[in-house]
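Here's the structure we're looking at; comments come further down.
There are 2 protein chains.
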Amino acid sequence: MRRIVILAIAAFLAVSNALAEEGVWIRYPGDYEMWLGSDVQSRRIEHGTPCGVFWPEYSHWPQVTFEKEVNLEKPERIRVEACGDAYIQSPGMVFTDAEGYATIPAGNYTIQIRVKNAVKPPALKIGGPTVKTDKSWRVRWCPMESCQVATDENDCRMAYETVEPVKTEPDGKGGLIADFGRESMGILDYVVEGSGSFRIIYAESEEEAKAGTAADVWEEFNIPEENQESSHRTPFAMALRFVRFEVLSGNLKIKSVKLLREYLPIPYRGAFRCNDEEINRIWDVAAYTLHLTTREFFLDGIKRDRWVWSGDTRQSVNMAAYLFADNPVTRRTLTLLGGKDPIGAHVNTILDYTFFWIIAVDEYYMYSGDTEFVKQIWPRVKAYADWSLSRTDKDSFAVGRPGDWVFIDWAPGPMSLHGGAVSFQQVLFAESLRIAAQMAEVAGDEAKAKEYGKKSAELRAKIMPTFWNDERKALMHFKPENGEPAKELTRYANIFGIFLGYFDDAQKEAVVRNVLDNPDVMGIKTPYWQYYELESLCAIGRQETVLKRIKDYWGGMLKLGATSFWEEYDPRVEGVQHYAMYGRPFGKSLCHAWGASPVYLLPRYFLGVKPTKPGWEEYEVRPNLGGLEWMEGTIPTPFGEIRVKVHGNKIEVRSTGGKGTLIYPDGRRETILPQAASQE
Amino acid sequence: MRRIVILAIAAFLAVSNALAEEGVWIRYPGDYEMWLGSDVQSRRIEHGTPCGVFWPEYSHWPQVTFEKEVNLEKPERIRVEACGDAYIQSPGMVFTDAEGYATIPAGNYTIQIRVKNAVKPPALKIGGPTVKTDKSWRVRWCPMESCQVATDENDCRMAYETVEPVKTEPDGKGGLIADFGRESMGILDYVVEGSGSFRIIYAESEEEAKAGTAADVWEEFNIPEENQESSHRTPFAMALRFVRFEVLSGNLKIKSVKLLREYLPIPYRGAFRCNDEEINRIWDVAAYTLHLTTREFFLDGIKRDRWVWSGDTRQSVNMAAYLFADNPVTRRTLTLLGGKDPIGAHVNTILDYTFFWIIAVDEYYMYSGDTEFVKQIWPRVKAYADWSLSRTDKDSFAVGRPGDWVFIDWAPGPMSLHGGAVSFQQVLFAESLRIAAQMAEVAGDEAKAKEYGKKSAELRAKIMPTFWNDERKALMHFKPENGEPAKELTRYANIFGIFLGYFDDAQKEAVVRNVLDNPDVMGIKTPYWQYYELESLCAIGRQETVLKRIKDYWGGMLKLGATSFWEEYDPRVEGVQHYAMYGRPFGKSLCHAWGASPVYLLPRYFLGVKPTKPGWEEYEVRPNLGGLEWMEGTIPTPFGEIRVKVHGNKIEVRSTGGKGTLIYPDGRRETILPQAASQE
């Protein structure tokens, strides 16, 4: 027996109905992201046990009210489709019939439709002669709230394709190892004979596949009944290049396995080519790495946690801007990280990650010009900025409070754990307050714009006097204590200090010499911080050094057979040691978004293309071959592509929009207008 | 194929395991109530369409961390059961095996176990040689939060019994009407032949059953295939005395129907008997009414919305204290109404209902002595008190802001809608701040105790000078404006003013004469306000008047055939008009909790028994026969029953605990010690 009614999404999506197709699905902003984030981030399976994120998770609002002013000359018959239970709360109480149709009266009034769904984010779609859902509708979760603009962002839909292994090797005990030839993510589709229990090891290296329970990611399954032959799928997509089926009991035999590759269907709009084939290969693998981690959200890596981290996201936002351009993944990720009230912890519990999140929101705005999004997310930026300001120490420095994680980088020892104010955090905090002030202006909050601007300037003014050591000519990691200068010197604040213009020319030169080029100062551990170090070298025109570093570091991974770039790479270790991290033999992720930075560094600092006004309304092209003979590339923007060709002294820029400024190596400037070409 | 693992409640509840049975299920406080409240309150079906509450709904936290200090001499094997995905986050990361067992190391550390469940509230149960879950565990939803004491409150479990109709009448068109003899709530269990669509009308009166779609609560169903005979159940329990099956299409025939009565298995510990059989019958029907509405939560009524309203709850808390004593329904209801952050609206969006909720929390404390609950709910009391204080007008009066509903009673006209400060709201606000100050002391928040105490006193001091009209000798509804005294005189503030001691003797006498006994002042519309009016008459010793009013009003409903008491009763209307409300012919609920107040008024003000210290540690017995010849009753307390017999001048009180004071009609006082009997 079927209960007639009730407005469930599944029942209606398939119905072809001319009226209904006029409206679009709308939601409360952030609801979908909270729900999807919780779902995606619960897929971490470690040693057969699921483990969730250790920071606060929020739910969507289980019930929201959509509303819109209408002015109807005559009554109107509308079709109400909802993800959840829906009813028309005003005018009066209008009930839908069993097919979801309702007739609303003539007049000038606010139609309010309430949708409830405790399990999935409420969504609404109305179709009618004049009344239909679109972005002019508003939504709220409680009667008192000032309405939000409803979002009509589409659901994330993944694409699938079947991939055969390049090699399959039975193990003689019913199990097998298959190699899919390159780093992949997908659902395994396999055929078994008989019954019994078995372990599936999702492995990024052959060594890991053969490591049994010492591998990092595996699950155990059981086929209870005797079967002649049966076909199965793993529960959701996992990262792997190799897969090992290990029979644990029974008379089981794995007959065959295929991979249902799961990926986000998003085109590569950016491109880069040059005369150096190793660099081209690095760009290709970096693009593939970024694409693998660009899914429902920007994930850190696809192997292990598959969680959404703000530090990683900040880099993905910039990399993705040069590969995919403005895209819904960026908006989803920034929205998820912005969370909801009440704030329970820093973003990902990490002090620096709150600041990187604010900076990333602004960078998205710079690439997209999406003021609507800035207005939508502004309350979260304000909430986190105010929260951060409420937790400073007596000197107004940002410090780690109990429960906060002061991460910076995977560096050994006391660098992050020391309780006092850290120079790098202050540089980042001052920058994020400056950014927050700018966003306040976009959102029309003059008071906050003024407040944050003032606090940012005050903090910035204190950083050099507090942390600069004039003997060592560098920003020290900690501030002096009891009149004694701090001993610890690290790269972090100095790298950002160069980039953010903290130093005069003499200071800058000294910092480069004493810190960046000084092998005695602890090196960068991860590609994550390679991004920042190389960026600051580019900022001072050291592209030649950077090109060499890219070839050494990323080329080094390629030489070891990498098909995607890693979470961490240390050229000094050998063999299987490369796969170890976190004290586990296969703890390292071999496909990590922050490993993909060449896809950003090459177009941004070699082709030299960057926006200087939101949405690329204005932009700059300042090419630097860095020792290459020629390079060509495409940079995607909201208005189309910017194409740059640099062959020796010959520079050609074509663009379909925006106002560009081409800056020649000798400093000469030239305006680039749409469709114009400039050359010398 | 079955995926091994993963710690799901369903899989493990049935497993008999000695270790696991040592622990209890624990949760984050409030999580279960938010989830259950959302579920229960979404069962409103109006004209076939579901409609949810119009105030904010909150979700449980999708992920929480349970923790406990342990000190183990040797490693310990524990069994981890969870509602959700669980893993041991510290020490280190300890993984459970496929049966949910894990071995935790020796040492002194805090074990932290994270449980995630987006759909149902996370819960945890640990069994081990020494480590097991109990109320000494703590829980938090984010790393920064100071831990909460975990709750081990059990789930709400309903009971069922099958009831045959007293009469079944086929309608000759395949349908039928059945009468279950009295107001009931349950799931219909029915047998049909053939296929087609039909409407089920859940009716509280025979007229409603026959009213087709003019009835208030009906659903349409469809049996798609041809069946010889098939058996079905309605989706969840609905209120009804009558049910009508109306065949809409097809060759359907309803063969039979039974009711699976659904009720909360909670014993009546209170009792009342007297020489007046009509009063005894009123007590019985009031007890039945309260029991029908005492379920997952205190519901307003069982017919229509079945929602949880604070004003109704405040009365149910007091009524239930005299019928059931301290019980989990009270804690669940108060917790649900307390909501979560951020506050989006007044409780139920109603100004007065925020204040009634605070008062009800304190009344529960008075009846139960449950300081643990007060400490748990204190952050919510503080949040709502602060929020209310932040929304006062320039004179510090509580006023309705846009989106607030100033309800008071179902009274006609501008009484509630006027924007200005209303005297009744100030009386209630001052009282709730006084109560909040008391609770602050129980919770150990000295600063808030002082702040609320001061604000309550200041507000109270302003009420008489502002609202008292010395010509009319009463508190006016509004304050004077532009030097002109307000015209509107209502009972509300005057009723509470008597009860809360606002008047001197001369004023009190005048108020009784000019307002309470004055038929020209608009009368009370609902039993809801009968409760307060009769309570204030009892407070001044007018039990004789009250007894007559009870016999007239509740006796009047009985004479009309009521089997439970109504949402509203107007002796002046006739026939089917009694069932109309909200402009709908059958809009009225015929089983409404606030109709049950005799179950409170009789023991409280006739037997005269009330607690004077939390948990009935001290209490008072001040009998007043009010014209009865004799009365006897039992009042339940945490330590057992207090039994009171009053036959003319002879008063007998027996108690198993607490220190009582018997106050004779002539004012004489006598101490009642446990098991002692006192008589004259």
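Note that the protein sequences, when read in sequence, are chains A and B. All residue numbers for the first sequence refer to numbering that gives the first Met the number 0, where the first residue is 0 and numbers rise by one. All residue numbers for the second sequence refer to numbering that gives the first Met the number 0, where the first residue is 0 and numbers rise by one. From the three backbone atoms N, C-alpha and C, an ideal C-beta is built for every residue, glycine too.
At least one C-beta of chain A is nearer than 8 Å to the C-beta of R113 of chain B.
In the displayed model, D38 of chain A falls within a helix according to three-state DSSP.
Three or more beta-carbon pairs separated by less than 8 Å link the stretch 25-41 of chain A to the stretch 55-69 of chain A, which places the two stretches in contact. Contact between D84 of chain B and S194 of chain A does not hold, since the beta-carbon distance rounds to 26 Å and is not under 8 Å. Annotation for G452 of chain B: no beta strand (DSSP E) segment contains it, though the alpha helix (DSSP H) segment containing it runs E445 to F466. The beta carbons of V63 of chain A and P121 of chain A sit about 5 Å from each other, so the pair counts as a contact at 8 Å. Annotation: Q227 of chain B to G173 of chain B spans about 14 Å, alpha carbon to alpha carbon. For H46 of chain B, the C-beta contacts it makes with chain A under 7 Å involve F94, in order along the chain. At a Cβ-Cβ threshold of 8 Å, M237 of chain A and V216 of chain A count as neighbours.
DSSP places H290 of chain A in the uninterrupted alpha helix (DSSP H) bounded by E276 to T292. In this structure, D151 of chain A sits near V23 of chain A, with a CB-CB distance shorter than 8 Å. Taking the CA atoms as reference points, Q111 of chain B sits about 16 Å from P74 of chain B. The beta carbon of W140 of chain B is closer than 7 Å to those of Y27, W60 and V63 in its chain, skipping five residues each way along the sequence.
The beta carbon of G419 of chain A sits closer than 6 Å to the beta carbons of F477 from its chain, once the five residues preceding and following it are set aside; these are given in chain order. Contacts with chain A at 8 Å (Cβ-Cβ) do not include F296 of chain B.
Among the residues facing chain B, P55 of chain A is included, as its CB has a counterpart in that chain under 8 Å away. Of all alpha-carbon atoms in B:A492, B:D385 and B:G626, the one lying nearest the alpha-carbon of K454 of chain B is that of B:D385. In the DSSP assignment, A505 of chain B falls within the unbroken alpha helix (DSSP H) covering D504 to V510.
The alpha helix (DSSP H) runs of length 4 or more contained entirely in the stretch 522-588 of chain A are, from start to end of the chain, 526-538 and 542-558. For Q425 of chain B, the enclosing alpha helix (DSSP H) stretches over residues S422 to A442. DSSP places G195 of chain B within a strand segment (E or B) once states are collapsed to three. Pairing E205 of chain B with T288 of chain B, the inter-Cα distance amounts to about 19 Å. Here the stretch 588-600 of chain B lies against the stretch 544-557 of chain B, with 3 or more beta-carbon pairs under 8 Å apart. One Cα belongs to R583 of chain A, the other to R43 of chain A, and the distance between them is close to 16 Å.
In the three-state DSSP reduction, R232 of chain B falls in the strand class (E or B).
Nearest C-alpha to S309 of chain B among B:K449, B:T329, B:A320 and B:S389: B:T329. Proximity of P570 of chain A to chain B, defined by a Cβ-Cβ separation below 8 Å, is not satisfied.
Where R260 of chain A is concerned, the enclosing beta strand (DSSP E) starts and stops at K252 to Y262. Interface annotation, A344 of chain A: in contact with chain B, CB-CB separation under 8 Å. Following the DSSP letters along the chain, one finds Y501 of chain B in no beta strand (DSSP E), marked with neither H nor E. Rounded to the nearest whole angstrom, the C-alpha separation of P341 of chain A and P610 of chain A is 35 Å.
In terms of Cα proximity to P128 of chain B, the closest of B:N70, B:D351, B:T636 and B:T660 is B:N70. Residue B:Y531 holds the alpha-carbon nearest to the alpha-carbon of Y604 of chain B among B:T348, B:L336 and B:Y531. DSSP lists no bridge partner for T370 of chain A. K115, A117 and V118: these are the residues of the stretch 115-127 of chain B whose beta carbon lies less than 7 Å from some beta carbon of chain A, given in chain order. In the three-state reduction of the DSSP assignment, Y57 of chain A falls in the coil class, being assigned neither a helical nor a strand state.
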